[in-house]
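Novice: One structure, as structure tokens, below. Some questions next.
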């Protein structure tokens, strides 16, 4: 089955810790994205990658970092510089970056700061 | 900046009671519109892409339509399993190239027996 997997499903972070969220896809998609979802707000773009070894900041990149060393993998690190990291994090991928390319989402990771 | 507004925020229907969800948008140039379904604690599930004004798409009890200013998701004779949050989104150009999705905040639908 082709799809997007995210792990872990739940993640707890202590103050001052960096944590890494995993995202893997086997759809052979070139583009991958990280969005953040907060109650009462639309999804917001954190980072995106159009191709391996390239990535760009989205609307709310401060306090986050990413890498894209393999086509199928796009991990997100939430650093201690992110002041309000508690949220639902969603990874997505699309075959390309054209406007009409549908983005498909993973199941999400819920991050909670203790 | 592109904007998407969905209404109502929440909708409660009886099983079999048809209704419509609204998605209005402000974009610099319409380049399509997407509908997703999201169940609690899960990622959005893709439903439809509408490419241009006047287009319609159907899937089971759902029908999506698009005009130059808004889109509707019509739900005919809904069942309890249609209960979910429905999200609409438009593609927005990124300065670094490519597109992101600009989402509305969703309509939370509950269908009761």
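Chains as they are written, first to last, in this note's numbering: chain L, 4 to 117; chain B, 30 to 142.
Ideal Cβ placement from N, Cα and C applies to all residues, glycine included.
Where does residue 41 of chain L fall in DSSP's three states?
Specialist: coil
Novice: Determine, using beta-carbon pairs with one atom in the segment 43-54 of chain L and one in the segment 11-24 of chain L, whether at least three such pairs fall under 8 Å.
Specialist: no
Novice: Just the chain B side, please: which residues come within less than 8 Å of residue 105 of chain L by C-beta, in chain order?
Specialist: 63, 75, 78
Novice: Give a yes or no on whether the C-beta atoms belonging to residue 49 of chain B and residue 34 of chain B are separated by under 8 Å.
Specialist: no
Novice: Spatial neighbours of residue 66 of chain L within its chain, please: C-beta separation below 6 Å, excluding the five flanking residues on both sides.
Specialist: 82, 84, 85
Novice: Here's a check: name, in chain order, each residue in its chain whose Cβ is nearer than 7 Å to the Cβ of residue 61 of chain L, leaving out the five neighbours to either side.
Specialist: Taken in chain order, the residues that qualify are 48, 49, 50, 51.
Novice: Looking only at its own chain, which residues have a Cβ that is under 7 Å from the Cβ of residue 106 of chain B, when we skip the five neighbours before and after it?
Specialist: 45, 47, 90
Novice: So within the segment 41-82 of chain B, which uninterrupted alpha helix (DSSP H) runs reach at least 4 residues, ignoring any that extend past its ends?
Specialist: none
Novice: Does residue 118 of chain B pass the burial test, meaning 16 or more other C-beta atoms within 10 Å, or should it be called exposed?
Specialist: buried
Novice: For residue 79 of chain L, which residues in the same chain have their Cβ closer than 8 Å to its Cβ, ignoring the five residues on either side in sequence?
Specialist: 23, 24, 26, 37, 49, 50, 67, 68, 69, 92, 94
Novice: Can you name, in chain order, every residue of its own chain whose Cβ lies under 6 Å from the Cβ of residue 15 of chain L, other than the five neighbours on each side?
Specialist: 115, 117
Novice: Starting from residue 33 of chain B, find everything on chain L with Cβ-Cβ shorter than 8 Å and list it in chain order.
Specialist: 45
Novice: Where does residue 39 of chain B land, buried or exposed, given buried means 16+ other C-beta within 10 angstroms?
Specialist: exposed
Novice: Specify the secondary structure class of residue 110 of chain B as computed by DSSP and reduced to three states.
Specialist: helix
Novice: So the candidates are B/136, B/69, B/126; which of them puts its Cα closest to the Cα of residue 103 of chain B?
Specialist: B/136
Novice: Taking Cβ positions, are residue 43 of chain B and residue 141 of chain B nearer each other than 8 Å?
Specialist: yes
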